[in-house]
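Mapping to numbering that gives the first Met the number 0: the sequence shown position 116 is 115, numbers consecutive.
Worksheet for the structure shown next.
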Amino acid sequence: MINQEERRWSSSAILLPRSKMSSSSPSALPSLSQHPQYQRKQSTSLSNAPSKPPTSAATIHIDVHQLLPNQAECLRELQSFHEALFPVRYAEHFYADLLKSHVIVLLARNKATQALVGVCTGRLTPLTQGAPNNSTQEQVPSISGYIMTLGVIPDLRRQGLASYLLRKLTRRLFRRGADLVELDVITSDPVALNLYLKHQFEMRFINERYYFIQGQHYDSFHLVFERSSLTYWPTAAQDDEVE
Ligand SMILES: CC(C)(COP(=O)(O)OP(=O)(O)OC[C@H]1O[C@@H](n2cnc3c(N)ncnc32)[C@H](O)[C@@H]1OP(=O)(O)O)[C@@H](O)C(=O)NCCC(=O)NCCS
């Protein structure tokens, strides 16, 4: 079922060059060896980043909707999408858990072809070390929202889709009870770091050897977004009008 938010998003459009329209299918996704993360490692400065693609009169419409618990048939598709876009190999249970109630998955699809073009996944986790309650000295339970993955196919990048998905998922995590929203980003990925810093995520510490990719450990920056920073963002209504 399409909700109000989806209709608003699907009524807006992303401009794409005509020549790229046909390559927005999953088969057009890069293989791991072509993964942008590895290409990015060669680049030392953000000035090497690709500029926005030229726009033309061709438009595609994107539907954004939340994965439902009964949509197990989407899990293989999500696995292929993750394996094409991320260097990390997630275990089978990562995908099985996407259907659980503490996990939120936003899917962005090309409305015409239904191809998956963007994904954002997050989960709610109870924090055991809550701040002590002044009167009882008991630990106050608090909940962490954690953004697990965020990816957009290459042809649709630099047009605000990841930003839209990130803001939408973060707001949902807060609405579902998160006290803060956290994530990790590999230290060698200035593009993703740029995206999160632009959205007022704050760097808190380095998680040493957090990622294990093709037999090697990599550090991550651990970033946190406080609810109070939502005031710097467009409202949900503005997001759906603007984007
Ligand atoms: C990172 C990623 C999700 C960004 O998706 P996107 O839809 O292109 O992002 P947006 O268009 O919303 O960009 C938002 C901001 O991110 C930053 N950004 C995005 N791409 C960038 C690039 N190539 N170089 C520098 N900054 C970049 C910019 O600050 C940008 O804002 P601006 O366009 O106003 O300058 C996408 O490149 C991707 O899927 N990469 C592979 C998977 C990955 O690394 N995911 C993140 C780690 S989980």
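No residue lacks a Cβ here, since even glycine has one placed at the ideal position from N, Cα and C.
In this text the structure is predicted, and so the values were computed from the model without any measurement.
#### Entry: Residues near L168 by beta carbon distance below 7 Å, same chain, minus five either side
Numbered from 1 along the sequence shown, position 169 holds the residue referred to as residue 168. Within the same chain, L168 has close Cβ partners I103, L105, C119, G121, I146.
#### Entry: Counterpart residues of H122 in DSSP-defined beta bridges
As a first step, residue 122 must be located in the sequence shown, where it is residue number 123. Reading the sequence as shown, one finds Arg at residue 122 and not His. In the DSSP output, where bridge partners are listed per residue, R122 has V102, Y145.
### Contact belief for Q199 with F224 at Cβ below 8 Å, rounded distance in angstroms
Translated into positions along the sequence shown, residue 199 becomes position 200. Translated into positions along the sequence shown, residue 224 becomes position 225. So it is a contact: roughly 6 Å between Cβ atoms.
### Task
Would you mind giving the Cβ-Cβ distance between L115 and P68, rounded to the nearest angstrom? I have them listed as a contact below 8 Å.
Counted from its first residue, the sequence shown places residue 115 at position 116. Counted from its first residue, the sequence shown places residue 68 at position 69. That pair is no contact at about 18 Å.
### Message
Does L66 come out as helix, strand or coil in the three-state DSSP assignment?
### Response
In the sequence shown, residue 66 corresponds to position 67, counting from 1. Here L66 sits in coil by DSSP.
### Query
Count the other CB atoms within 10 Å of the CB of E207; is the residue buried (16 or more) or exposed (fewer)?
For the purposes of this step, residue 207 is identified with residue 208 of the sequence shown, where counting begins at 1. It is exposed - the Cβ of E207 has fewer than 16 other Cβ atoms within 10 Å.
### Query
How big is the Cα-Cα spacing for Q78 and Y217?
Taking the sequence shown and counting its residues from 1, the one referred to as residue 78 is at position 79. Taking the sequence shown and counting its residues from 1, the one referred to as residue 217 is at position 218. The straight-line gap from Cα to Cα measures roughly 22 Å.
### Message
Could you tell me the alpha carbon to alpha carbon distance between E181 and Q113, rounded to whole angstroms?
### Response
As a first step, residue 181 must be located in the sequence shown, where it is residue number 182. As a first step, residue 113 must be located in the sequence shown, where it is residue number 114. So the two alpha carbons sit approximately 30 Å from each other.
#### Entry: Neighbour-count burial assignment, I205, 16 or more Cβ in a 10 Å radius
By one-based count along the sequence shown, residue 205 stands at place 206. Counting Cβ neighbours within 10 Å, I205 comes out exposed, since fewer than 16 surround it.
### Task
Could you check the C-alpha separation between Q213 and V87 for me, to the nearest Å?
As a first step, residue 213 must be located in the sequence shown, where it is residue number 214. As a first step, residue 87 must be located in the sequence shown, where it is residue number 88. When rounded, the distance between both Cα atoms is 8 Å.
### Query
Going straight from the alpha carbon of T65 to that of Q215, what length do you get?
Counting from one through the sequence shown, the residue named residue 65 turns up at place 66. Counting from one through the sequence shown, the residue named residue 215 turns up at place 216. Per the sequence shown, residue 65 should be read as Gln rather than Thr. Whole-angstrom Cα-Cα distance: 33 Å.
### Task
Following the continuous alpha helix (DSSP H) through D96, name the residue where it begins and the one where it ends.
Walking along the sequence shown from the start, residue 96 turns up at place 97. That run of the alpha helix (DSSP H) goes 91–96.
### Query
When you compare each of D62, S187, A90 to L74 by their alpha carbons, which one comes out closest?
Here the question's residue 74 lines up with position 75 in the sequence shown. Of the listed residues, the one whose Cα sits closest to L74 is A90.
### Which listed residue (I152, S143, D96) has its alpha carbon closest to that of N109
One-based indexing of the sequence shown puts residue 109 at position 110. The shortest Cα separation from N109 among I152, S143, D96 belongs to I152.
#### Entry: Selection from F85, T58, A71 that minimises the alpha carbon distance to Y210
Numbered from its first residue, the sequence shown carries residue 210 at position 211. It is F85 whose Cα lies nearest to the Cα of Y210.
### Task
Tell me whether the beta-carbon of E201 lies closer than 8 Å to the beta-carbon of L179.
Here residue 201 is taken as the residue at index 202 of the sequence shown, counted from 1. Here residue 179 is taken as the residue at index 180 of the sequence shown, counted from 1. Cβ atoms of E201 and L179: not closer than 8 Å.
### Task
Could you tell me the distance, in whole angstroms, from the CA atom of Q237 to the CA atom of A111?
If you number the sequence shown from 1, residue 237 lands on position 238. If you number the sequence shown from 1, residue 111 lands on position 112. Taking the straight line joining both Cα atoms gives about 25 Å.
### Query
Taking the alpha-carbon positions, what's the R157 to K197 distance?
Within the sequence shown, residue 157 is the residue found at index 158, counting from 1. Within the sequence shown, residue 197 is the residue found at index 198, counting from 1. Their Cα atoms are separated by approximately 13 Å.
### Task
State buried or exposed for R203, treating a residue as buried only when at least 16 other CB atoms are found within 10 Å of its CB.
Walking along the sequence shown from the start, residue 203 turns up at place 204. Under this definition R203 is an exposed residue.
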